[in-house]
Amino acid sequence: MANKKISKKDIAKLLNQWSREFAVFVPSKESGIATMARWDGKDVTLDWYRNTVIPKANFLPAMEEMFRFQKDKESYNIELPPDGGKQLIFGIRPCDARALAIIDANFKNLYQDPYYLSRRDSAVLIGVGCINPSESCFCTSLGISPTESKDVDLMLTDIGDQFLIEEVTDKGKKLIAKASGLGEATKEDETRAKEMKETSYNKVTRKINTEGIVERLIACFDDQDFWEKIAAKCISCGICTLLCPTCYCFDINDELTKQQGTRFRSLDSCAFPVYTKMPMENPRAEKWKRVRQKVCHKYGFFPMSFNAIACTGCGRCIRLCPVNWDITQVLNNLPVKTEVGK
Amino acid sequence: MTTTNISPSKFLAQDNVYLPHIVVIEKIIEETPNIRTLHFNFKDKKLQKEFSFESGQFGEYSVFGIGEAPFCISSSPTRRDHLEFAVQRVGRVTNALHRLGVGAEIGFRGPYGNSFPLDYLGGKNLVFVGGGIGLAPLRSLIWNVIDNKDKYKNIDIIYGARTPADLCFKYDLDSWSKNKTVNMVTTVDRGDESWTGKTGVVPKILEEVAPSAKNAAAIVCGPPIMIRFTFPVLTKLGFTPEQMLTTLEKRMKCGIGKCGRCNIGNIFVCRDGPVFSYAQIKSFVSSEY
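Taken in order, these protein sequences are the chains called A and B. Position one of the first sequence corresponds to residue 233 (the numbering used here), numbered consecutively onward. Position one of the second sequence corresponds to residue 10 (the numbering used here), numbered consecutively onward.
Below, the structure written as structure tokens:
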């Protein structure tokens with residue numbers, strides 16, 4: 233069956249149809265910060281953004297209520313927050329969609345995380361290919377294409393005044409079946425999409441070498457000099473982890489007002505000394521150990537657990553770092569362990 | 010290592026792994042000026058009956074409005090009329106736990122983590138090496154072993170604390186020293202006028218006692234500094250890294266391998282531990298523990 237297409241000016245009409253069933257989110261700069269914001273019914277323009285927006289927050293919010301508790305005649309009543317409903321994320325980039333697929337493993341392993349997984353299960357992801365990757369992007373080194381994705385339900389490719397629509401999952405097929413105002417893609421549209429995909433792919437010029445990365449990292453795990461050098465300019469601000477689409481670490485805390493309270497969880501970062509601090513000791517009080525943990529967890533320990541590198545090459549940690557710390561430089565300059573006697 | 014053979018806790022509240030059960034504090038024993046043991050039971054009588062755990066497993070305990078913290082279950086699964094955990098007053102949650110009285114209600118999630126490998130320990134001489142509140146997880150196993158004495162060989166217990174006033178579980182120490190199948194050695198770093206036992210840090214006393222490594226396993230728990238100095242002594246005595254077991258403590262918030270902070274190397278202490286053989290953790294002990 234031929235792919236569909238939609239005129240860019242009709243996107244709002246399409247979203248309007250879906251908004252009856254879903255809470256629709258689109259990339260927005262309204263608040264001054266690029267976010268996935270609740271769609272306000274206006275036209276959606278996508279040309280302004282690469283992947284500044286981080287859709288992770290739709291599934292793992294920076295802060296969320298886990299439950300409320302109330303003391304009532306010497307006993308506690310525990311109440312879960314209401315279900316947030318089904319989300320439709322329009323305009324997710326292939327790198328960010330892959331990131332969700334990567335961290336799913338953590339939230340599914342051994343125990344099901346009810347908050348994250350219920351949002352994931354009910355959500356629809358509509359990808360829009362990235363035709364203008366940034367200089368800091370290196371997704372292709374992680375096996376990701378800026379314009380193609382198997383981690384979304386529908387995949388859109390910019391072909392000028394229109395988007396070509398590919399159905400990726402059954403969920404996506406159903407959405408298309410219910411939608412009106414779509415055209416049939418012609419051969420010329422398909423050719424144009426193919427050209428756009430190739431051009432976009434080749435625009436990603438930054439590379440990392442992932443071959444044997446786990447072994448190479450483990451080999452230099454104890455090389456304190458190397459890690460101290462790498463960590464020297466880091467200011468432990470945590471931005472590279474908080475805005476990383478595959479960073480999922482969180483903290484759990486209570487808030488109390490009179491006889492009522494809330495337990496909430498919030499994003500946390502291995503860049504902060506307090507992250508591992510126990511009252512009597514801290515295994516990672518030194519900065520170089522924390523930087524090592526960040527690098528080794530993403531490219532070593534996470535792959536050892538889940539067979540996937542916890543990085544999508546989205547480049548945010550490079551673009552947003554206040555001191556120009558560059559993960560690709562670190563990974564491309566790992567010390568090579570020379571064998572004795574060689 | 011990470012493809013865990015741990016089965017998830019069966020005792021979830023409302024099918025949500027983060028929701029605590031309500032438990033009631035039934036008894037409090039002040040062990041030392043800053044350590045207390047709390048005896049508790051589930052408010053839900055059905056759960057109280059059905060609940061099971063293994064020595065070495067831990068729980069996440071909440072003081073509502075203050076927060077949650079992990080502690081091992083310090084009582085033995087062979088003695089199930091109530092559960093126990095021991096708490097040193099060091100931080101926010103532990104301070105709150107020290108303010109509670111009998112009858113107070115707290116939250117409990119668990120049991121989490123793996124447990125001491127009873128099959129492996131069976132038929133062996135067991136050497137327990139503990140320091141301070143580190144005896145808490147060991148005593149669950151010690152009572153477990155004593156209650157199934159025919160499955161194990163000789164028991165050595167080397168336990169120490171900074172001063173006589175810092176010794177925990179004195180009622181257990183008394184009971185074990187009267188037990189003919191147990192060789193109980195108690196030591197303190199600094200004695201006082203009335204102290205008649207041994208004086209010296211635990212690794213040093215362990216070297217003096219010199220238990221044989223033949224058909225034996227050593228189970229070590231205490232402050233990190235004690236653990237770090239104990240492994241070399243055990244090695245000197247002929248114990249292999251596989252024969253040395255310990256239980257680690259980290260800042261475990263979720264208790265179920267998700268929140269990330271107890272990750273050392275490719276291990277998540279809460280998910281893959283807290284019980285490890287020295288063989289499993291020795292490459293990270295130098296710099297991360």
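Cβ atoms here follow ideal geometry from the backbone N, Cα and C, with glycine treated the same way. Since this is a predicted model, take the numbers as computed values, not measurements.
Give me the residue from T423/A, V555/A, G547/A and T442/A with the minimum Cα distance to K465/A. Here residue 465/A corresponds to residue number 233 of the first sequence, with the count starting at 1. Looking at the Cα atoms, V555/A is the closest of the given residues.
Output needed in chain order: residues of the region 283 to 310 of chain A with a Cβ under 8 angstroms from some Cβ in chain B. M298, F299, F301, K303, E306, S307, Y308 and I310
State buried or exposed for S498/A, treating a residue as buried only when at least 16 other CB atoms are found within 10 Å of its CB. Numbered from 1 along the first sequence, position 266 holds the residue referred to as residue 498/A. Result: exposed.
Sufficient close CB pairs (3 or more, under 8 angstroms) joining the region 522 to 529 of chain A to the region 458 to 478 of chain A: yes
Nearest chain A C-beta to Y180/B closer than 8 angstroms, yes or no? The count along the second sequence starts at 1 and reaches residue 180/B at position 171. No, Y180/B lies away from the interface with chain A (no Cβ there is under 8 angstroms from its Cβ).
For chain B, find out if any of its Cβ atoms is closer than 8 angstroms to the Cβ of L474/A; answer yes or no. One-based indexing of the first sequence puts residue 474/A at position 242. It does not: the Cβ of L474/A has no partner Cβ on chain B nearer than 8 angstroms.
Rounded to whole angstroms, what is the Cα-Cα separation between Y168/B and V218/B? Reading the second sequence from its first residue, position 159 is the one you call residue 168/B. Reading the second sequence from its first residue, position 209 is the one you call residue 218/B. When rounded, the distance between both Cα atoms is 12 angstroms.
Beta-carbon within less than 7 angstroms of L147/B's beta-carbon, same chain only, minus the 5 sequence neighbours each way: which residues are those? By one-based count along the second sequence, residue 147/B stands at place 138. Closer than 7 angstroms at Cβ, skipping near neighbours: F137, G139, I228 and C230.
Assign A409/A to buried or exposed, taking buried as 16 or more other Cβ atoms, counted over all protein chains shown, within 10 Å of its Cβ. Counted from its first residue, the first sequence places residue 409/A at position 177. Its Cβ having fewer than 16 others within 10 Å, A409/A is exposed.
For E311/A, the residue or residues it bridges with in DSSP: Within the first sequence, residue 311/A is the residue found at index 79, counting from 1. Per DSSP, R300/A.
Please decide whether E77/B counts as near chain A, where near means a Cβ-Cβ distance under 8 angstroms. In the second sequence, residue 77/B corresponds to position 68, counting from 1. It does: the Cβ of E77/B has a partner Cβ on chain A nearer than 8 angstroms.
Check whether the region 356 to 370 of chain A and the region 545 to 564 of chain A are in contact - that is, three or more C-beta pairs closer than 8 angstroms. yes
Contact set for K245/A: own chain, Cβ-Cβ below 7 angstroms, skip 5 residues either direction: Position 13 of the first sequence, counted from the start, is the residue given in the question as residue 245/A. Cβ within range, chain order: G413.
How many angstroms separate the CA atom of A503/A from the CA atom of L254/B? Against the first sequence, residue 503/A aligns to sequence position 271. Against the second sequence, residue 254/B aligns to sequence position 245. Those two C-alpha atoms are separated by around 31 angstroms.
Report the neighbours of N272/B on chain A: residues whose CB is nearer than 7 angstroms to its CB, in chain order. What you label residue 272/B is simply residue 263 of the second sequence in a count that begins at 1. Going along chain A in sequence order, the residues near N272/B (Cβ under 7 angstroms) are H529 and F533.
Listed in chain order, which residues of the region 39 to 65 of chain B have Cβ atoms closer than 9 angstroms to some Cβ of chain A? K52
Spatially closest choice to C553/A from S468/A, M536/A, Q492/A and T494/A, by CA coordinates: As a first step, residue 553/A must be located in the first sequence, where it is residue number 321. For C553/A, the nearest C-alpha among the options comes from S468/A.
Could one say the Cβ of K262/B lies closer than 8 angstroms to chain A's Cβ atoms, at least one of them? Here residue 262/B is taken as the residue at index 253 of the second sequence, counted from 1. Yes, K262/B lies at the interface with chain A (some Cβ there is under 8 angstroms from its Cβ).
Going by CA-CA distance only, name the one from N104/B, S221/B, D90/B and Q66/B that's closest to E77/B. Start at 1 with the first residue of the second sequence, and residue 77/B comes out as number 68. Residue N104/B is the option with its Cα nearest to E77/B.
Assigned exposure category for Y129/B - 16 Cβ within 10 Å defines buried: By 1-based counting over the second sequence, the position of residue 129/B is 120. Counting Cβ neighbours within 10 Å, Y129/B comes out exposed, since fewer than 16 surround it.
Where I445/A falls: helix, strand or coil (DSSP): Residue mapping note: residue 445/A aligns to position 213 of the first sequence, counting from 1. In the structure shown, I445/A sits in a helix (DSSP, three-state: H, G or I).
Taking 8 angstroms as the CB-CB cut-off, is K574/A touching chain B? Translated into the one-based positions of the first sequence, residue 574/A becomes position 342. The pLDDT assigned to K574/A is 37, lower than 50, so where the model puts this residue is not dependable; a value taken from the coordinates is nonetheless given after this. Chain B, which has no Cβ nearer than 8 angstroms to the Cβ of K574/A, makes this no.
Does any residue of chain A have a CB that is nearer than 8 angstroms to the CB of K291/B? Along the second sequence, read from residue 1 onward, the residue named residue 291/B stands at position 282. Output row for K291/B: interface = no.
Proximal residues to S436/A (C-beta, below 7 angstroms), its chain only, five neighbours per side dropped: As a first step, residue 436/A must be located in the first sequence, where it is residue number 204. Before going further, note that residue 436/A is Val rather than Ser in the sequence given. Correct list, in chain order: P365, C369, F370, C371, T372 and P378.
Can you tell me the Cα-Cα spacing of T401/A and V384/A, whole angstroms? Numbered from its first residue, the first sequence carries residue 401/A at position 169. Numbered from its first residue, the first sequence carries residue 384/A at position 152. Distance between the alpha carbons of T401/A and V384/A: 7 angstroms.
DSSP state of P173/B, grouped into three classes? Working through the second sequence from its first residue, we reach residue 173/B at position 164. Reduced to three states, the DSSP call for P173/B is helix.
Whose Cβ in chain A lies nearer than 9 angstroms to the Cβ of E93/B? As a working note, residue 93/B is residue 84 in the second sequence. The contacting residues do not exist; E93/B stays about 21 angstroms from chain A at best.
Mind listing, in chain order, the continuous beta strand (DSSP E) runs of no fewer than 3 residues lying wholly within the region 38 to 65 of chain B? 44 to 51
Span separating the alpha-carbon of M10/B from that of D281/B: Taking the first residue of the second sequence as position 1, residue 10/B is located at position 1. Taking the first residue of the second sequence as position 1, residue 281/B is located at position 272. Summary for M10/B: the model assigns pLDDT 34, below 50, so the residue's position carries little reliability; its value from the coordinates is reported in the next sentence. Spanning the two alpha carbons is a distance of roughly 7 angstroms.
Would you say I397/A reaches chain B, if we count a Cβ-Cβ gap shorter than 8 angstroms as a contact? Numbered from 1 along the first sequence, position 165 holds the residue referred to as residue 397/A. Output row for I397/A: interface = no.
Does the beta carbon of L566/A sit closer than 8 angstroms to a beta carbon anywhere in chain B? In the first sequence, the residue the question calls residue 566/A occupies position 334. Not closer than 8 angstroms to any Cβ of chain B, the Cβ of L566/A fails to qualify, so no.
Closest by C-alpha distance to S251/A, when choosing among V356/A, K419/A and D483/A: Stepping through the first sequence from its first residue, residue 251/A is reached at position 19. The residue with the shortest Cα to Cα distance from S251/A is V356/A.
Can you check whether the C-beta of T25/B is within less than 8 angstroms of a C-beta belonging to chain A? Taking the first residue of the second sequence as 1, we reach residue 25/B at position 16. Thr is not the amino acid found at residue 25/B; the sequence shown has Asn there. So, interface residue.
Cβ-Cβ distance between G392/A and V360/A below 8 angstroms: Within the first sequence, residue 392/A is the residue found at index 160, counting from 1. Within the first sequence, residue 360/A is the residue found at index 128, counting from 1. Not in contact: G392/A and V360/A (Cβ atoms no closer than 8 angstroms).
Whole angstroms are fine: how far does the CA of D156/B sit from the CA of T190/B? Position 181 of the second sequence, counted from the first residue, corresponds to residue 190/B. Position 147 of the second sequence, counted from the first residue, corresponds to residue 156/B. Going by the C-alpha atoms only, they are around 12 angstroms apart.
Of the choices F51/B, I151/B and V102/B, whose alpha-carbon is the least far from that of N315/B? Here chain B covers residues 10 to 298 and nothing more, so residue 315/B does not appear.
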